[in-house]
Structure formats: C-alpha cells, structure tokens
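Take the sequence shown: its letter number 500 is residue 499 in my numbering, and every next letter is one higher. Just so you know, even glycine gets a beta-carbon here, dropped at the ideal spot from N, CA and C. These numbers come from a predicted model, not from an experiment. Structure first, commentary second.
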Amino acid sequence: NFTVKAGEIKTPVSPNMWGIFFEDINLSADGGIYAELVKNRSFEFSTPLMGWSIPKDAVSNGQILVLNRKEEHPSNPRFARITMPATRSFEIVNEGFRGMGIKAGEQYNFSLYARQQEGAAVKLTVTLLDDAGKEIGSTTVAPNGSSWQQYKASFSATAAAAKGKLKVTFSGQGVIDVDMISLFPQHTWKERSNGLRADLVQLLADLHPGFIRFPGGCIVEGRELVNRYQWKKTVGDVNDRELIINRWNNEFAHRATPDYFQSFGLGFFEYFQLSEDIGASPLPILNCGMACQFNSAEVVAVNELDPYIQDALDLIEFANGDVNTKWGALRAKMGHPAPFNLKMMGVGNEQWGPQYVERYTIFAKAIKSKYPDIKLVNSLGPSPDGDKFTFLNDTLRKLNADILDEHYYSSPEWFLSNAARYDSYDRKGPKIFAGEYAAHTKGVNNGENKNNWQSALAEAAFMTGLERNADLVVMASYAPLLAHVDGWQWSPDLIWFDNLHSYGTPNYYVQKLYANNKGTDVVPMLKGNQVISGQDSVYASTVVDKATGELVIKLINTAATVKPVAVAVQGVKNIAANGRLITLGSNDLQGLNSLDKPTSISPEEKNIDIKGKTIRTDIAPWSFYVIRVKIN
Ligand code: AHR
Numbered sequence: 000n001f002t003v004k005a006g007e008i009k010t011p012v013s014p015n016m017w018g019i020f021f022e023d024i025n026l027s028a029d030g031g032i033y034a035e036l037v038k039n040r041s042f043e044f045s046t047p048l049m050g051w052s053i054p055k056d057a058v059s060n061g062q063i064l065v066l067n068r069k070e071e072h073p074s075n076p077r078f079a080r081i082t083m084p085a086t087r088s089f090e091i092v093n094e095g096f097r098g099m100g101i102k103a104g105e106q107y108n109f110s111l112y113a114r115q116q117e118g119a120a121v122k123l124t125v126t127l128l129d130d131a132g133k134e135i136g137s138t139t140v141a142p143n144g145s146s147w148q149q150y151k152a153s154f155s156a157t158a159a160a161a162k163g164k165l166k167v168t169f170s171g172q173g174v175i176d177v178d179m180i181s182l183f184p185q186h187t188w189k190e191r192s193n194g195l196r197a198d199l200v201q202l203l204a205d206l207h208p209g210f211i212r213f214p215g216g217c218i219v220e221g222r223e224l225v226n227r228y229q230w231k232k233t234v235g236d237v238n239d240r241e242l243i244i245n246r247w248n249n250e251f252a253h254r255a256t257p258d259y260f261q262s263f264g265l266g267f268f269e270y271f272q273l274s275e276d277i278g279a280s281p282l283p284i285l286n287c288g289m290a291c292q293f294n295s296a297e298v299v300a301v302n303e304l305d306p307y308i309q310d311a312l313d314l315i316e317f318a319n320g321d322v323n324t325k326w327g328a329l330r331a332k333m334g335h336p337a338p339f340n341l342k343m344m345g346v347g348n349e350q351w352g353p354q355y356v357e358r359y360t361i362f363a364k365a366i367k368s369k370y371p372d373i374k375l376v377n378s379l380g381p382s383p384d385g386d387k388f389t390f391l392n393d394t395l396r397k398l399n400a401d402i403l404d405e406h407y408y409s410s411p412e413w414f415l416s417n418a419a420r421y422d423s424y425d426r427k428g429p430k431i432f433a434g435e436y437a438a439h440t441k442g443v444n445n446g447e448n449k450n451n452w453q454s455a456l457a458e459a460a461f462m463t464g465l466e467r468n469a470d471l472v473v474m475a476s477y478a479p480l481l482a483h484v485d486g487w488q489w490s491p492d493l494i495w496f497d498n499l500h501s502y503g504t505p506n507y508y509v510q511k512l513y514a515n516n517k518g519t520d521v522v523p524m525l526k527g528n529q530v531i532s533g534q535d536s537v538y539a540s541t542v543v544d545k546a547t548g549e550l551v552i553k554l555i556n557t558a559a560t561v562k563p564v565a566v567a568v569q570g571v572k573n574i575a576a577n578g579r580l581i582t583l584g585s586n587d588l589q590g591l592n593s594l595d596k597p598t599s600i601s602p603e604e605k606n607i608d609i610k611g612k613t614i615r616t617d618i619a620p621w622s623f624y625v626i627r628v629k630i631n
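And the structure:
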C-alpha cells in the first residue's frame, strides 16, 4: 500500500520538462521533416548528379554538365548547364530522397533558378511521375532572362504516389543554366514555404515539449572540423546556405546512406521558429572546437578558438538581439523581428577529456561575461558510467557548471535498476539534463533494436525517477527522435515515417503520457518510508497540477502478473468520487507499432471510481497507468 502526501509540495516541476532531441540522423531533416522533395537540388553533393538520372531516350537529345562559379557564389557554387544542339526534348529525373511521397489532389510548388544563354529560348515542362512512371501532374516554366532569376509554378497531383519522381523536360534549342530545382507540397506545417512536413511536426506538437535540443548529436561535431555544424551557414536565403556531408553519411556499410548531406533548408532560424510554434524552449548545441571523438582526434588549437566562441556570442544575438544589431537584423529580415527568447545553450556534444574542459572553460568565460543569464549545458560524454564520465562529472562540478547532460543508451534492465539513480544524487551543484536516452533491447548500435513495448515500459519505469527528482533533473529527452523506414542508421527511434505516413512508437506514447501529465509540483509518494522504485516490480511517482486542481499519479507494473495497489492520499480535504485512468500497455513485451498499425500500443482512457481518500486499482501486467483526480 502506498501513501501520497498531497499537501507536502516537494518541488516544482521544471517548465522545460519533458523535451525533444532533434538530430539530422536517419533522414530526419532532408528526406524527413524538411518538406523539400528534390534530392541534391543544388548539385552540391560530392557526386554532383547524385539523385538525378537521364532517361535513355533523352540521352542523345542534349547534354548536362555541372559547372562551378565559385568566385561568384561560394556557398552554392555548382549549377547544371543543359545544352540543346537542336530543337528536341532533353530530360532529367530526380528520384527524391527515397522516392517522393505525393498526395492526390494536393498542390505542389515548383521553383528553380535559371538563366538562358544569349539567344536561347529553352522551355521547361515539369512532370510528377508515380511509382510506375505514369504522369500524375505537370506544369511549364519559361525562363526568359540571361541573368539568374527564380521562377515558380504550381500544379496539382492527379493521383498519389509512395515513391514518385520529378521529371524536368527541356525543349527548344540553346543553352540554359539551372540551379536549386525544388518541389514542395503546398501543405506544410503552418503552410509555410520552405516548410516542414505537417504530420511529423504535429506528432512533435502533441508532445507539448518543454524544449527542443538541436541540431544534434554527433552532427554538431562532424567527423572532421571542416564538416562541423556551423549555424551561420544555415541562416538567410536558402539559396546561399552551404551544403555539407552529413556525419551519418554511409556510417554503416550494411545500411549505407551515401546520399546523406545537409542542405540546411532546415536551419537555425527554422529550428527557433519550430520551437516557438510548439511552445518549446530552444536549446541549441554548438561545436566547442572538437570533432566527433568516436571518429577523430581533431581539435582546434586553443589560440584559434575565437571564431567558435564568436559563433556562440553571435547566436545569442541572432536569437535575442535587438533588430538594430547585426544578427538581430538578420532574424528580422527572415521574418521574425521579435526575439526567440533563448535562455540556454550547449557547448559541445559528447565530448570528454581535459581538452574539452580546457575549451569549455574559455567558452564559459566569454559567454557568461557578456550574457550572464544564459545557462550552459555540458555533456558528460557518451556513457553514464566509467572514467570519462567520472572525470567530467568531478571537474565540471568544481567549475560550477549550470547543467550536466547525461546520456544513457542501455539495456531495459539498466533502466529498471537506475530508476532510483537520482534519489541520492548531490543536490548542491549543477542541475541534470537526461539529454539522450533509450532502452536498447539487443545492445547499443545493433540494427535489430526495435521500439518494442519492453523498451518503452523500462523507460516509463525509469522516468518515475526523473519526475520524482524534479529539484535536480530539469530536462529530459529520448533520442534519437525521427527515422525514415528506408534510410536509417540508428535504432530505436521515437517516431518512424515513410514518404507519406508516420507513427509514434510505444516509447513515443510513454513520452507523451509524461509530457501531457507533467503537473506543476512533485509530491511525496511512498511505500512505508521509501520511494517506490521496483519493489515487487512496481514503480511510481506523483505530481499535483495546480492549474487543474488534480492529483496525477503514475504507476508502472513491469511484472507479468496483476499488481493490486491502494494509494492513500493524505493532506487533502476532498477527493472527487471519480477520476480518469489512462492506460498504456501490451500483453506482448515484443509488441510494436508500425506504419500499418500505428496505434497498436497507445493510450486508452476511462473513468475510475474512488471511494474515500484511497485510490485503488489493479495494474495489469506490463502496464503504465496515469490516474488524474480532482483534489482540494
Ligand atoms: O542519438 C544518436 C547519437 O548518440 C548522437 O548523435 C550522439 O550524441 C550519441 O552518441
């Protein structure tokens, strides 16, 4: 039997609980949430025509060459030159990221930059093809100038395609240069041009996340510093954003993604805007002068760190600065004169060793002296235990760090046995951010890891410990967030999608139940005088929601048998005679959601009767229960 001391407010729940971790891994950005359908639109992939093909019948009708105008346009130097020696039709076809998802009746917006060479009059016909190569919509474009200009045309798709393609037919005689060949659906999140896939953003919005950490993960670092994430190259006109190879390009030979690049159409402005749209605090992570330590030992010399630090200072100005400042003016020009209200920033991702401490110290001094209110986040390396972790944990605590970011990709058993991890943590020093975590049933970095119910249940149990320790744990995020079913490098992931559909995993619904029932204040919940963390396979924590006047109890049963529980609520005058019971569970620990059965394992809600001040329920085997009841 359990006791909830509803009158003893222990600590407020952090407004940043529970958040999301976004990284461009598993085709999360290009080919994923970024709604652009054309792959390699600017011919900047290291193989310049990757993603493009020339149908056999068209080969002899013309020629495509990729040229470079580096001096004129250093951030987007390449373009394609189409030469048509006689009046015929020449075609190029773009395959999309893993094909193009096309919806019947939907409007599509085509655009490109083009210039005709002197005297030429080459026209374009733009055609959508379905999976079988049948035409399902087209439009025409007639570029008419000899200097670069953008041309646009919209049309509707007459039928759907799961793996469609885009054909561009050139007709006429002469020479035409083309670049930034782009196709977006009209319907994006908030109907924005250069927008995001609405279904994926909706899944994120439904979590009501307290923060978004972006842009990663290892992509912050890059395998080498030249390919680190540099936010300044991701803002301004998309035509000027400099593409780089993605750190997850071709990571594992058996799941090769040689076509994985970052166009940065989804850049820092869009990340800030997304955060604002869904009510999440932005948490950008910046490179600290070190490349990914899993792949590379490259660091920038300490006396050459200034540009990296300047990037951090300028980012704060970009997010919060007055419109009269250089970077605040750019934000305004991009359509957002109001500040984005940036309050925290990460320095380095999974770094370790004295080299990190040395660089972080210089960053912290520079940032804190100009912006003392900005909180800094430090990662404690790739694992929650071991020498790397201990060294950083000890050192950064001595340096009075603000927030320490712990990452744990581990077995379900680890999550169960660590649910009490923070109950006895040092409270005097920095706050804790559980910045990347996921239960891996088959071992970390094993392609067979599935988002099964066993993994989700273990995370639900573990999260009682995060919730209960709200005075210490101020942020938490599952990782990674998104994965394309045809192009992933890492599993498990919170949300899976193909070109048209998406679904939340059981782990997603665990996150959602916590985030949508986060309450405002933690209250003690005890068995005898102990927290409930695995005794008889039950895990539990309780918050009150002052906004709604409810008690919100979370109960997890990790056993294969029913667990009857009685929760005696102390410190209240009244409890309503009935409340709401939300259950999430499966009688199969291997159970999954899928594109075909997206909500196989998803929450169900019903009324629950309450007699007196004791709430009784039988927790079904392998289940997560949330009980909400009015109190006063
Ligand atoms: O989430 C996948 C990767 O795991 C992240 O890029 C990195 O931070 C961690 O090692």
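- In this structure, the beta-carbon distance from Met16 to Gly209 falls below 7 Å.
- At a Cβ-Cβ threshold of 7 Å, Lys38 and Pro523 do not count as neighbours.
- For Val140, same chain residues with a beta-carbon under 6 Å away, outside a window of 5 residues either side, are Leu123, Tyr150 and Ala152 in chain order.
- With a cutoff of 7 Å on beta-carbon distance, Pro381 and Glu349 are scored as near each other.
- Non-local C-beta neighbours of Leu224 in its own chain, meaning closer than 7 Å and more than five positions away in sequence, comprise Ala290, Glu297 and Val299, ordered along the chain.
- In its chain, beyond the 5 residues on either side, Asn25, Asp492 and Trp495 have a beta carbon closer than 6 Å to the beta carbon of Ala482.
- As summarised for the region 417-469, the continuous alpha helix (DSSP H) elements at least 4 residues long and confined to that stretch are 452-467, given in chain order.
- For Tyr33 and Thr168, the gap between their C-alpha atoms comes out near 26 Å.
- The criterion of a C-beta distance shorter than 7 Å is not satisfied by Leu550 and Ile618.
- The beta carbon of Asn348 sits closer than 6 Å to at least one heavy atom of the ligand AHR.
- In the three-state DSSP reduction, Phe268 falls in the helix class (H, G or I).
- Under the Cβ criterion (8 Å, minimum of three pairs), the region 75-83 does not count as touching the region 153-166.
- Secondary structure note for Lys332: its alpha helix (DSSP H) is the uninterrupted segment Lys325 to Lys332.
- According to the DSSP assignment, Phe169 belongs to the beta strand (DSSP E) that extends over Ala160 to Pro184.
- In this structure, the beta-carbon distance from Thr582 to Tyr624 falls below 7 Å.
- Put simply, of Ile609, Ala478 and Ser593 the residue whose alpha carbon is nearest the alpha carbon of Glu22 is Ala478.
- Per DSSP, the beta-bridge partners of Val568 are Val3.
- From the listed residues Met99, Arg212, Phe267 and Tyr408, the smallest Cα separation to Gly235 is found for Phe267.
- Here Asp608 carries a strand assignment [DSSP, helix/strand/coil].
- Taking a contact to require three or more Cβ pairs closer than 8 Å, the region 115-135 and the region 156-164 qualify as touching.
- Taking the CA atoms as reference points, Gly31 sits about 44 Å from Asp608.
- For Phe271 against Phe339, the beta-carbon gap comes to about 4 Å, under 8 Å, which counts as contact.
- Using a cutoff of 6 Å, the CB of Gly61 does not count as near the ligand AHR, since none of the ligand's heavy atoms is closer than that.
- If you check the CB distance, Trp247 and Gln488 come in under 7 Å.
- When the alpha-carbon of Phe461 is set against those of Leu202, Gln510 and Glu447, the nearest one is in Gln510.
- Residue environment analysis places Asp129 among the buried positions, since at least 16 neighbouring C-beta atoms fall within 10 angstroms of its C-beta.
- Closest in alpha carbon position to Leu66, among Ala131, Asp176 and Pro54, is Asp176.
- With a cut-off of 6 Å, the C-beta of Gly215 is classified as near the ligand AHR, since at least one heavy atom of the ligand falls inside that distance.
- According to the DSSP secondary-structure assignment, Tyr502 is paired through a beta bridge with Trp495.
- According to the DSSP assignment, Asp56 belongs to no alpha helix (DSSP H), since it is labelled neither H nor E.
- In the structure shown, the three-state DSSP call for Asn392 is helix.
- With contacts defined as CB atoms closer than 7 Å, Gly264 and Asn193 qualify as a contacting pair.
- Restricting attention to alpha helix (DSSP H) runs no shorter than 4 residues, the region 181-225 encloses them at 197-204, ordered along the chain.
- The C-beta distance from Arg212 to Val219 rounds to 10 Å, too long to meet the 8 Å contact threshold.
- In this structure, Glu241 has its CB at a distance of at least 6 Å from all heavy atoms of the ligand AHR.
- A distance criterion of 6 Å places the beta-carbon of Pro411 beyond contact range of the ligand AHR, judged by its closest non-hydrogen atom.
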